Amino acid sequence: MTSKILDVAALAGVSAKTVSRVVNDEPGVSESTRRKVLEAVARLDYSPDRAATYLRTGRSGVIGLAVPELGQPFFAELADRIATTAARHHLSVVLGVTGQHGEAEEDFLNRHVELDGVILYWQGLGPQRLSTEARRRPIVILGENKHDDVDRVTMGNDLGVRLALAHLLALGRERIAVIGMPEAGTPSHGAARARSEAFRRAAAELGLEPDPSLLVASDEWRRPEGAAAVRYLLDQGRRFDAVLAFNDGLALGALHELNRQGVHVPDEVAVTGFDNLEISRFSVPSLTTVSPRLSSYADDAVDLLLQRLADPALPPRTMVEDVTLLPRDSTIGGRGLWAHA
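So, in structure tokens, the structure goes:
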């Protein structure tokens, strides 16, 4: 039988109103009383009735999370971390998949008017429509697309790409293939634009003159596209001694194709990725990658949303997550460290 608020009040020796204040994190309760109530809540496995909470506060306790796809490990890991963070704040999450270019963002927002707020990996919604939505309820956008009126969490693409490129150059690599450049004539996602621009800036700063024939465009950032890019370079007879891939999916596909064609990594070609997906630690060889610290990314997205819920008048903020390079066997290993199949 589900415990009711009166049961919690009786066990804690307080009024039902005091229990309500504690579970809704309201002021006016002493620390000792709050502790007694929380102990009673835990013992009785009590959870507030969501409908009653909505009638009292105007909030549902549910937020939305909309990402382009879940087939990409980056978005799957990010969604998992955001859901975990939201649960720590007693929030439920409605998940939406909006398409690679955000085709279904409008539909997701229209279908879920009940949500207290939305965390949106923004790709396709018009800027004016996004401004209108952000005036109606809290919105936090993720990713590389900027909007002056909306809270945003992004990652340090410039620093990350520069770290990866500097690492390869320090290893003596001179002919660096880049995988994940924007596809000419097609709508490219924000990360492709941001990381390609970051690469050009980093190359200029570090004194590298990129070979245009080694810059491979890819609209999709999955393993098959990474393998196809390397296969294209090899079939064309292009000489390269390193691959800088704009995400781990492309890098893992590149590793697979190099291995399949008998090219030793890193002896002949070094490979770097970006995102530090969990699978990158277990590839053969393990993948050198740029880590954006997804746990911080998720925590900050939820925190920004909670702050906006608490104070809608706050000025819009952008948080740029720090990144670090994690050197692994795909750049600093050798033949003795992995078995070439």
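Take 1 as the starting number for the sequence shown in the UniProt record's numbering and just add one per residue. For each residue, glycine too, the CB sits at the ideal point set by N, CA and C. All of these numbers come straight from a predicted model, not from anything done at the bench.
For this session: Please report the residue range of the beta strand (DSSP E) in which Leu325 lies.
Result: Start at 1 with the first residue of the sequence shown, and residue 325 comes out as number 325. Residues 324–326.
For this session: Specify the secondary structure class of Ala301 as computed by DSSP and reduced to three states.
Result: Here the question's residue 301 lines up with position 301 in the sequence shown. Residue state, collapsed to three classes: helix.
Exercise. Considering Ile82, what are the terminal residues of the alpha helix (DSSP H) in which it resides?
Worked result: Working through the sequence shown from its first residue, we reach residue 82 at position 82. Taken as a continuous stretch (DSSP letters only), the alpha helix (DSSP H) holding Ile82 covers 73–88.
Problem set entry | Any 3 or more C-beta pairs closer than 8 Å across the region 161–168 and the region 140–151 | no
Exercise. Within this structure, are the beta carbons of Ile63 and Ile119 separated by less than 8 Å?
Worked result: The residue you call residue 63 lines up with position 63 of the sequence shown. The residue you call residue 119 lines up with position 119 of the sequence shown. Note that the C-beta distance between Ile63 and Ile119 is below 8 Å.
For this session: Confirm, please, whether the CB-CB distance from Ser218 to Ala202 is below 8 Å.
Result: Within the sequence shown, the letter at position 202 stands for residue 202. Within the sequence shown, the letter at position 218 stands for residue 218. No; because the gap between Cβ atoms is not below 8 Å, this pair is not in contact.
Exercise. Can you name, in chain order, every residue of its own chain whose Cβ lies under 7 Å from the Cβ of Phe74, other than the five neighbours on each side?
Worked result: In the sequence shown, the residue the question calls residue 74 occupies position 74. Non-local C-beta neighbours of Phe74 in its own chain, meaning closer than 7 Å and more than five positions away in sequence, comprise Asn247, Asp275, Leu277, ordered along the chain.
Exercise. What residues match up with Leu244 in a beta bridge as DSSP calls it?
Worked result: Residue mapping note: residue 244 aligns to position 244 of the sequence shown, counting from 1. Note: Leu244 sits in a beta bridge opposite Val178, Thr272.
For this session: Reducing DSSP to helix, strand and coil, say where Asp151 ends up.
Result: Translated into positions along the sequence shown, residue 151 becomes position 151. Reduced to three states, the DSSP call for Asp151 is strand.
Exercise. Could you give the residue range of the alpha helix (DSSP H) that holds Ala170?
Worked result: Position 170 of the sequence shown, counted from the start, is the residue given in the question as residue 170. Note, Ala170: alpha helix (DSSP H), 157–170.
Exercise. Considering only residues of the same chain and omitting the five flanking positions on each side of Leu326, which have a CB-CB separation below 7 Å?
Worked result: Here residue 326 is taken as the residue at index 326 of the sequence shown, counted from 1. Closer than 7 Å at the Cβ level, and outside the excluded window around Leu326, lie Asn276, Thr288, Thr289, Ser291.
Problem set entry | Given 8 Å, three or more beta-carbon pairs between the region 256–267 and the region 298–310 | No, they do not touch.
Exercise. Using 8 Å as the Cβ pair cut-off and three pairs as the minimum, do the region 146–158 and the region 190–201 touch?
Worked result: yes
For this session: Tell me whether Ser92 sits in a helix, a strand or coil according to DSSP, three-state version.
Result: For the purposes of this step, residue 92 is taken as the residue at position 92 of the sequence shown. DSSP places Ser92 in strand when its eight states are reduced to three.
For this session: Specify whether the region 67–85 and the region 22–34 touch according to this definition: at least 3 beta carbon pairs, one from each stretch, less than 8 Å apart.
Result: no
Exercise. Can you tell me whether DSSP reads Val320 as helix, strand or coil?
Worked result: Numbered from 1 along the sequence shown, position 320 holds the residue referred to as residue 320. Looking at Val320 - three-state DSSP - the assignment turns out to be strand.
Exercise. Excluding the five sequence neighbours on either side, which residues of its own chain have a C-beta within less than 8 Å of the C-beta of Leu55, listed in chain order?
Worked result: Here residue 55 refers to the residue found at position 55 of the sequence shown. With a pLDDT of 44 at Leu55, under the threshold of 50, the modelled position of this residue cannot be trusted; read the value that follows with caution. Here the set comprises nothing.
For this session: Using a threshold of 8 Å, state whether the C-beta atoms of Tyr232 and Val216 are closer than that.
Result: As a working note, residue 232 is residue 232 in the sequence shown. As a working note, residue 216 is residue 216 in the sequence shown. Yes, these two residues count as a Cβ contact at 8 Å.
Problem set entry | Pairwise C-alpha distance: Phe240 and Ile279 | Along the sequence shown, one-based indexing puts residue 279 at 279. Along the sequence shown, one-based indexing puts residue 240 at 240. C-alpha separation (whole angstroms): 25 Å.
Exercise. Can you name the start and end residues of the alpha helix (DSSP H) that Ile332 belongs to?
Worked result: Position 332 of the sequence shown, counted from the first residue, corresponds to residue 332. First-last of the alpha helix (DSSP H) with Ile332: 329–332.
For this session: Excluding the 5 residues preceding and the 5 following Leu95 in the sequence, name in chain order all residues of the same chain whose CB lies nearer than 7 Å to its CB.
Result: Within the sequence shown, numbered from 1, the residue matching residue 95 stands at position 95. Cβ neighbours of Leu95 beyond the five flanking positions: Leu65, Ala79.
Problem set entry | Spatial neighbours of Asp158 in its chain, beta-carbon cut-off 7 Å, leaving aside the 5 residues before and after | Residue 158 sits at position 158 when you count from the first residue of the sequence shown. Taken in chain order, the residues that qualify are Ala198, Arg201.
For this session: Put Ser295 into one of helix, strand or coil per three-state DSSP.
Result: Counting from 1 along the sequence shown, the entry for residue 295 is found at position 295. Looking at Ser295 - three-state DSSP - the assignment turns out to be helix.
For this session: Take Asp107 as the anchor and find which of Thr18, Pro316, Val93, Gly124 has the nearest alpha-carbon.
Result: Locating residue 107 in the sequence shown gives position 107, counting from the first residue. Across the set Thr18, Pro316, Val93, Gly124, the C-alpha of Gly124 shows the shortest separation from the C-alpha of Asp107.
Exercise. In terms of residues, what are the limits of the alpha helix (DSSP H) holding Val265?
Worked result: Locating residue 265 in the sequence shown gives position 265, where the first residue counts as 1. No alpha helix (DSSP H) contains Val265, which DSSP labels as neither H nor E.
For this session: Grab the span of the alpha helix (DSSP H) containing Leu109 for me, first residue to last.
Result: For the purposes of this step, residue 109 is taken as the residue at position 109 of the sequence shown. Segment 105–111, the alpha helix (DSSP H) holding Leu109.
For this session: Taking only the alpha-carbon atoms, compute the straight-line gap between Ala170 and Ala270 and give it to the nearest angstrom.
Result: Taking the sequence shown and counting its residues from 1, the one referred to as residue 170 is at position 170. Taking the sequence shown and counting its residues from 1, the one referred to as residue 270 is at position 270. Linking Ala170 to Ala270 through their CA atoms gives a straight-line distance of about 12 Å.
For this session: Decide if Glu225 is buried, meaning its Cβ has at least 16 other Cβ atoms within 10 Å, or exposed.
Result: Position 225 of the sequence shown, counted from the start, is the residue given in the question as residue 225. It is buried - the Cβ of Glu225 has at least 16 other Cβ atoms within 10 Å.
For this session: Tell me whether Ala51 sits in a helix, a strand or coil according to DSSP, three-state version.
Result: Residue mapping note: residue 51 aligns to position 51 of the sequence shown, counting from 1. At Ala51, the pLDDT of 47 sits below 50, so the modelled position is not reliable and the matter cannot be decided from this model.
Exercise. Skipping 5 residues on each side, what residues in its chain have a beta carbon closer than 8 Å to that of Leu38?
Worked result: On the sequence shown, position 38 is the one that residue 38 refers to. Hits under 8 Å: Val22.
Exercise. With burial defined as no fewer than 16 other Cβ atoms inside 10 Å of the residue's Cβ, what is the status of Val41: buried or exposed?
Worked result: For the purposes of this step, residue 41 is taken as residue 41 along the sequence shown, with counting starting at 1. Flag for Val41 reads buried.
For this session: Name the residue from Pro315, Ala227, Arg81 whose alpha carbon lies nearest to the alpha carbon of Ser295.
Result: Here residue 295 is taken as the residue at index 295 of the sequence shown, counted from 1. Out of Pro315, Ala227, Arg81, Arg81 has the C-alpha closest to the C-alpha of Ser295.
Exercise. Sorted by chain position, which residues of the same chain lie with C-beta nearer than 7 Å to Ser15's C-beta, five sequence neighbours on each side aside?
Worked result: By 1-based counting over the sequence shown, the position of residue 15 is 15. Answer for Ser15: Ala9, listed in chain order.
Problem set entry | Distance between beta carbons of Val97 and residue 342, contact taken as under 8 Å | Since the displayed the chain opens at 1 and closes at 341, residue 342 lies outside it and no answer follows.
Problem set entry | Close Cβ partners of Ser286 (< 8 Å) along its chain, the five nearest in sequence each way excluded | Along the sequence shown, one-based indexing puts residue 286 at 286. For Ser286, same chain residues with a beta-carbon under 8 Å away, outside a window of 5 residues either side, are Ser280, Arg328, Asp329, Ser330, Gly333 in chain order.
For this session: Return helix, strand or coil for Val22, following the three-state DSSP convention.
Result: Position 22 of the sequence shown holds residue 22. Helix, per DSSP.
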